[in-house]
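Colleague: Our numbering numbers the first residue of the sequence shown as 1482 and each following residue consecutively. Dropping a structure here in C-alpha coordinates format, bear with me for questions.
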Amino acid sequence: MSLTTRKADHIRINLEEDVRSGLTTGLESYHFLHRALPELDLEKVNLSLPLFKRFLQAPILISSMTGGTEEAAQINRTLAEAAQATGIAMGLGSQRAAIEHPELAETFHVRDIAPDILLFANLGAVQLNYGYGLDECRRAVDMIEADALILHFNAVQEAVQPEGDTRFAGLA
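Have a look at this one:
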(Lines of atoms letter the chains of each structure in order from A and count residues from 1; the text may use other names and numbers.)
(Lines give C-alpha, C1' and ligand atoms only; values in the text may rest on other atoms or scores of the structure.)
Protein backbone atom coordinates (compact mmCIF):
# COMPACT_ATOMS: atom_id res chain seq x y z
CA MET A 1 0.00 0.00 0.00
CA SER A 2 1.39 3.42 -0.91
CA LEU A 3 1.97 6.13 1.69
CA THR A 4 -0.67 8.32 0.04
CA THR A 5 -3.25 5.51 0.10
CA ARG A 6 -2.44 4.82 3.74
CA LYS A 7 -2.86 8.52 4.66
CA ALA A 8 -6.19 8.64 2.80
CA ASP A 9 -7.30 5.47 4.62
CA HIS A 10 -6.52 7.06 8.00
CA ILE A 11 -8.90 9.93 7.19
CA ARG A 12 -11.58 7.67 5.66
CA ILE A 13 -11.54 5.25 8.60
CA ASN A 14 -11.97 8.09 11.09
CA LEU A 15 -14.85 9.57 9.11
CA GLU A 16 -16.71 6.38 8.22
CA GLU A 17 -16.01 3.79 10.90
CA ASP A 18 -16.61 3.59 14.64
CA VAL A 19 -13.19 4.35 16.07
CA ARG A 20 -14.28 5.23 19.57
CA SER A 21 -12.35 3.63 22.38
CA GLY A 22 -13.88 1.89 25.35
CA LEU A 23 -11.24 3.59 27.47
CA THR A 24 -11.65 7.08 28.84
CA THR A 25 -9.18 9.88 29.40
CA GLY A 26 -9.67 9.64 33.15
CA LEU A 27 -10.80 13.25 33.35
CA GLU A 28 -14.19 12.09 34.65
CA SER A 29 -12.40 11.25 37.91
CA TYR A 30 -11.78 14.91 38.63
CA HIS A 31 -14.41 17.21 40.05
CA PHE A 32 -13.89 20.89 40.59
CA LEU A 33 -15.24 22.76 43.57
CA HIS A 34 -17.72 25.41 42.55
CA ARG A 35 -16.63 28.84 43.77
CA ALA A 36 -19.45 31.34 43.32
CA LEU A 37 -17.07 34.16 44.23
CA PRO A 38 -13.54 33.24 43.16
CA GLU A 39 -10.84 35.54 44.48
CA LEU A 40 -9.42 36.48 41.11
CA ASP A 41 -10.10 38.71 38.15
CA LEU A 42 -10.20 36.67 34.94
CA GLU A 43 -8.82 39.58 32.91
CA LYS A 44 -5.66 39.30 35.04
CA VAL A 45 -5.15 35.64 34.11
CA ASN A 46 -2.50 35.45 31.41
CA LEU A 47 -1.71 32.09 29.80
CA SER A 48 0.51 33.54 27.08
CA LEU A 49 4.17 32.62 26.76
CA PRO A 50 7.12 32.91 24.38
CA LEU A 51 8.36 29.64 22.89
CA PHE A 52 10.85 29.03 20.05
CA LYS A 53 10.87 32.74 19.15
CA ARG A 54 7.07 32.79 18.76
CA PHE A 55 4.41 34.04 21.13
CA LEU A 56 1.54 31.76 22.19
CA GLN A 57 -1.73 33.03 23.63
CA ALA A 58 -1.99 29.76 25.61
CA PRO A 59 0.17 26.65 26.07
CA ILE A 60 -1.97 24.63 23.68
CA LEU A 61 -0.84 22.62 20.66
CA ILE A 62 -3.02 21.29 17.86
CA SER A 63 -1.09 18.06 17.71
CA SER A 64 0.21 16.43 14.58
CA MET A 65 -2.65 15.06 12.53
CA THR A 66 -2.30 14.45 8.81
CA GLY A 67 -0.82 15.27 5.43
CA GLY A 68 -0.02 13.70 2.09
CA THR A 69 -3.45 13.85 0.41
CA GLU A 70 -5.79 16.57 -0.87
CA GLU A 71 -8.23 15.84 1.98
CA ALA A 72 -5.35 16.14 4.42
CA ALA A 73 -4.33 19.48 2.89
CA GLN A 74 -7.79 20.89 3.60
CA ILE A 75 -7.73 19.53 7.17
CA ASN A 76 -4.29 21.06 7.76
CA ARG A 77 -5.36 24.43 6.35
CA THR A 78 -8.51 24.51 8.47
CA LEU A 79 -6.57 23.64 11.63
CA ALA A 80 -3.90 26.24 10.78
CA GLU A 81 -6.59 28.88 10.34
CA ALA A 82 -7.92 28.03 13.81
CA ALA A 83 -4.40 28.13 15.30
CA GLN A 84 -3.74 31.53 13.72
CA ALA A 85 -7.07 32.92 14.97
CA THR A 86 -6.46 31.75 18.53
CA GLY A 87 -2.69 32.20 18.79
CA ILE A 88 -1.86 28.59 19.60
CA ALA A 89 0.75 26.19 18.21
CA MET A 90 0.26 23.51 15.57
CA GLY A 91 2.08 20.39 14.48
CA LEU A 92 1.56 18.80 11.08
CA GLY A 93 1.30 15.08 10.38
CA SER A 94 4.34 13.03 9.45
CA GLN A 95 6.06 14.57 6.44
CA ARG A 96 7.67 11.31 5.39
CA ALA A 97 5.30 11.11 2.41
CA ALA A 98 6.49 14.51 1.16
CA ILE A 99 10.17 13.73 1.81
CA GLU A 100 9.83 10.62 -0.35
CA HIS A 101 7.39 12.18 -2.85
CA PRO A 102 8.13 15.94 -3.07
CA GLU A 103 4.96 16.55 -5.10
CA LEU A 104 3.02 15.98 -1.85
CA ALA A 105 4.76 18.84 -0.02
CA GLU A 106 1.92 21.21 -0.89
CA THR A 107 -0.46 19.18 1.31
CA PHE A 108 1.56 20.35 4.32
CA HIS A 109 1.88 24.04 3.42
CA VAL A 110 0.00 26.24 5.90
CA ARG A 111 2.41 29.10 6.63
CA ASP A 112 0.65 31.37 4.11
CA ILE A 113 -2.57 31.30 6.14
CA ALA A 114 -0.90 31.00 9.54
CA PRO A 115 2.15 33.28 9.40
CA ASP A 116 2.36 33.92 13.14
CA ILE A 117 1.85 30.51 14.71
CA LEU A 118 4.46 28.27 16.31
CA LEU A 119 4.58 25.55 13.65
CA PHE A 120 6.11 22.11 14.14
CA ALA A 121 7.39 19.90 11.33
CA ASN A 122 7.04 16.18 12.00
CA LEU A 123 8.75 12.90 11.18
CA GLY A 124 8.49 9.45 12.71
CA ALA A 125 11.47 8.79 14.97
CA VAL A 126 11.64 5.24 13.63
CA GLN A 127 12.66 6.68 10.23
CA LEU A 128 16.04 7.42 11.81
CA ASN A 129 16.56 3.63 11.77
CA TYR A 130 15.66 3.51 8.06
CA GLY A 131 18.28 5.93 6.76
CA TYR A 132 16.80 9.30 7.67
CA GLY A 133 19.20 11.77 9.23
CA LEU A 134 19.83 15.44 9.74
CA ASP A 135 19.24 16.22 6.05
CA GLU A 136 15.70 14.80 6.05
CA CYS A 137 14.95 16.53 9.36
CA ARG A 138 16.06 19.87 7.90
CA ARG A 139 14.07 19.24 4.73
CA ALA A 140 10.91 18.67 6.79
CA VAL A 141 11.45 21.93 8.69
CA ASP A 142 12.35 23.95 5.58
CA MET A 143 9.49 22.47 3.55
CA ILE A 144 6.86 24.17 5.72
CA GLU A 145 8.89 27.02 7.21
CA ALA A 146 8.54 25.38 10.62
CA ASP A 147 9.93 26.69 13.88
CA ALA A 148 10.82 23.27 15.29
CA LEU A 149 10.66 19.54 14.58
CA ILE A 150 8.63 16.85 16.33
CA LEU A 151 10.00 13.31 16.16
CA HIS A 152 6.96 11.21 16.99
CA PHE A 153 6.91 7.70 18.42
CA ASN A 154 4.05 5.41 17.40
CA ALA A 155 5.35 1.87 17.85
CA VAL A 156 1.91 0.30 18.30
CA GLN A 157 0.51 1.86 15.12
CA GLU A 158 3.58 0.81 13.14
CA ALA A 159 3.45 -2.72 14.59
CA VAL A 160 -0.18 -3.35 13.59
CA GLN A 161 0.09 -1.95 10.05
CA PRO A 162 1.15 -4.63 7.56
CA GLU A 163 3.61 -2.16 5.99
CA GLY A 164 4.67 -0.57 9.28
CA ASP A 165 8.27 0.33 10.07
CA THR A 166 9.21 -1.67 13.15
CA ARG A 167 12.95 -1.25 13.76
CA PHE A 168 12.55 0.50 17.11
CA ALA A 169 15.83 -0.56 18.76
CA GLY A 170 18.32 2.18 19.57
CA LEU A 171 15.96 5.15 19.34
CA ALA A 172 16.02 5.98 23.05
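In this text, a Cβ means the ideal position worked out from N, Cα and C, and glycines have one as well.
1) Ignore the nearest five residues each way along the sequence and tell me which others in residue 1547's own chain have a CB closer than 6 Å to its CB.
2) Candidates 1568, 1604, 1502 and 1581: which alpha carbon is nearest residue 1596's?
3) In terms of alpha-carbon separation, which member of 1592, 1578 and 1550 lies closest to residue 1563?
4) Measure the beta-carbon distance from residue 1625 to residue 1600 and round it to whole angstroms, keeping in mind my assumption that it falls under 8 Å.
5) Do the CB positions of residue 1579 and residue 1602 come within less than 8 Å of each other?
6) Output yes or no for whether 8 Å exceeds the beta carbon distance between residue 1646 and residue 1622.
7) Which ranges does the beta strand (DSSP E) cover as unbroken runs of at least 3 residues, wholly within the segment 1501-1582, from first to last along the chain?
8) In chain order, which beta strand (DSSP E) runs of at least 3 residues are fully inside the segment 1602-1645?
9) Between residue 1566 and residue 1536, what straight-line distance do the alpha-carbon atoms span, to the nearest angstrom?
10) Going along the chain, which residues of its own chain have a beta-carbon closer than 6 Å to the beta-carbon of residue 1582, five neighbours each way excluded?
11) Do residue 1550 and residue 1485 have their C-beta atoms within less than 8 Å of each other?
Modeller: This is what the structure holds:
1) Within the same chain, residue 1547 has close Cβ partners 1553, 1556 and 1574.
2) 1568
3) 1592
4) 6 Å
5) Taking 8 Å as the Cβ cut-off, residue 1579 and residue 1602 do not qualify as a contacting pair.
6) No, the Cβ-Cβ distance between residue 1646 and residue 1622 is not below 8 Å.
7) Runs of the beta strand (DSSP E) inside the segment 1501-1582: 1530-1532, 1535-1537 and 1570-1572.
8) 1629-1633
9) 13 Å
10) none
11) yes
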